[in-house]
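Just so you know, my numbering puts 293 at position 159 of the sequence shown, and the rest follows in order with no gaps.
Backbone N, C-alpha and C fix where the C-beta goes; we use that ideal spot for every residue, glycine too.
Quick caveat: nothing in here was measured; it's all calculated off a predicted structure.
Remarks on the structure that follows.
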Amino acid sequence: MSPSGAHRWSECPGAPNAEDGLPDNASFAAKEGTFAHDIRERCLKTDKNAADYIGRKGEVEGEKFECDDVMAAHLQHGIDRLRKTAKGHWFIETAVSMEPWVPGGFGTLDFGAASRKLIVVDDLKYGAGIVVKPLRNLQLSLYGLGFWRTIARAYTKAT
Numbered sequence: 135m136s137p138s139g140a141h142r143w144s145e146c147p148g149a150p151n152a153e154d155g156l157p158d159n160a161s162f163a164a165k166e167g168t169f170a171h172d173i174r175e176r177c178l179k180t181d182k183n184a185a186d187y188i189g190r191k192g193e194v195e196g197e198k199f200e201c202d203d204v205m206a207a208h209l210q211h212g213i214d215r216l217r218k219t220a221k222g223h224w225f226i227e228t229a230v231s232m233e234p235w236v237p238g239g240f241g242t243l244d245f246g247a248a249s250r251k252l253i254v255v256d257d258l259k260y261g262a263g264i265v266v267k268p269l270r271n272l273q274l275s276l277y278g279l280g281f282w283r284t285i286a287r288a289y290t291k292a293t
């Protein structure tokens, strides 16, 4: 019952059991997104820009990728937004628990920031194929709850 699958299991309670035992084969777009996450994580942790990683190569589940100017530009937009708006304590690629809202629910939050008055939760979407709407996004809402419960409430008065 991962946050990324919430759109399925929230509409169909039988979805987790129906998917149990099925192979978890990532698409090319998902693998590319994993590579892009790595570049963004490095940028946020080192205060470098995505352009500093142009030419960097990597492999995800047998697929080879290279950060090019298109990927760097896409990532930099979000990196700049976070650097400008996310104040306080930063948490990058951090495990959070969605208990008690989702029994056994946990996930890895791409980015969270907690200041005295504001909590920021960000989930990178990179790739193609499935449109993900940011408003009323159940996955992001669950990450927000998990971030608040697991980490942010110790740093903020925001509720």
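- Taking 8 Å as the cut-off, the Cβ atoms of residue 162 and residue 192 do not count as close.
- In this structure, residue 231 sits near residue 239, with a CB-CB distance shorter than 8 Å.
- Restricting attention to beta strand (DSSP E) runs no shorter than 3 residues, the segment 195 to 255 encloses them at 197 to 200, 223 to 231 and 240 to 248, ordered along the chain.
- Residue 209 is not a Cβ neighbour of residue 256, given a cutoff of 8 Å.
- A direct Cα-Cα distance of roughly 14 Å separates residue 283 from residue 237.
- Cβ-Cβ distances below 7 Å link residue 179 to 226 in the same chain, with the five nearest sequence neighbours on each side left out; the list follows chain order.
- Of the residues 145, 201, 147 and 146, the one whose Cα lies closest to the Cα of residue 172 is 201.
- In the DSSP annotation of this structure, the continuous segment of the alpha helix (DSSP H) that includes residue 176 starts and ends at 162 to 180.
- Cα atoms of residue 292 and residue 233: separation of roughly 19 Å, rounded to the nearest angstrom.
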